[in-house]
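Novice:
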Amino acid sequence: HFAALLYSFLLHDRYFDVVREKHGLCYAISNTYLNTNNAFRMTAGIDASKYRKTMSLVNKEINKVKQGKINNKVWNKTIELLTGLIANGKDDLASCLRDLENYATRSNYTSAERSIEIIKSLTKEDVIRIANKTRFLTSYLLKGTGTAGGEDNE
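Residue numbers (the numbering used here): 10 to 163.
Here it is as structure tokens:
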């Protein structure tokens with residue numbers, strides 16, 4: 010679970026840097042790990058004409074992680090971000106409710122302190138192993154009509 014969560018955060022960082030910032034293909038992009046069904050979900054707000062280029066870059070970033078091409082600076086930044094979110098979340102009511110739901114439905118609870126300890130002990134090899142167990146399932150392009158933000162989304 011924790012290696013998958015870290016993988017998700019790594020991908021989010023790569024998507025943001027490469028797809029959004031470097032290539033300017035989307036106005037928003039994110040990656041989420043859904044631990045209830047062991048799935049990853051990437052969402053992006055893009056112009057429909059940029060779909061193929063965006064998916065190509067997304068797949069390249071996934072393959073880089075699978076090949077172990079994880080920059081140390083990005084790795085350390087991701088660990089710091091994730092552990093910081095967990096530390097801040099321990100006093101957040103929504104996080105407490107999610108923990109309670111997880112315990113009630115799955116008999117599973119890990120304290121924030123233990124979660125941080127586990128994440129800090131993970132290695133790049135742990136994440137690479139998870140990355141190589143994943144595969145691309147499906148992709149959707151939802152096309153709107155009209156204009157938003159000056160772009161044609163038709």
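All residues carry an ideal CB built from backbone N, CA and C; glycine is no exception.
1. Taking the continuous beta strand (DSSP E) assigned at residue 50, which residues delimit it?
2. Please name the residue, chosen from 47, 71 and 58, that lies closest to residue 25 on a Cα-to-Cα basis.
3. Between 34, 49 and 30, which lies nearest to residue 142 when the distance is taken from Cα to Cα?
4. Could you check if residue 21 is buried or exposed, using at least 16 other CB atoms within 10 Å of its CB as the buried criterion?
5. Where do the ends of the beta strand (DSSP E) carrying residue 130 lie?
6. Please classify residue 244: does DSSP put it in a helix, a strand, or coil?
7. Using the three-state DSSP reduction, which class does residue 92 fall into: helix, strand or coil?
8. Is the region 128-140 touching the region 57-65, taking contact as three or more C-beta pairs under 8 Å?
9. Checking the sheet assignment: what are the DSSP bridge partners for residue 113?
10. Can you give the beta carbon distance from residue 42 to residue 54, rounded, assuming they're within the 8 Å contact cut?
11. According to DSSP, residue 42 sits in a beta bridge with which residue or residues?
12. According to DSSP, is residue 165 part of a helix, a strand, or is it coil?
13. Kindly examine the ligand HEM and report whether one of its heavy atoms sits closer than 7 Å to the Cβ of residue 97.
14. Out of 80, 126 and 16, state which residue places its alpha-carbon closest to the alpha-carbon of residue 39.
15. So, helix, strand or coil for residue 16, using DSSP?
Specialist: Well, looking at it:
1. 48-55
2. 71
3. 49
4. buried
5. Segment 121-130 is the alpha helix (DSSP H) holding residue 130; no beta strand (DSSP E) there.
6. Because the chain spans 10 through 163 in this model, residue 244 falls outside it and cannot be assessed.
7. helix
8. no
9. Per DSSP, none; premise fails for residue 113.
10. Not confirmed; about 20 Å, so no contact.
11. 49
12. Past the edges of the chain, shown from 10 to 163, lies residue 165, and the structure says nothing about it.
13. Because no ligand of any kind appears in the structure shown, any question about the ligand HEM cannot be addressed here.
14. 16
15. helix
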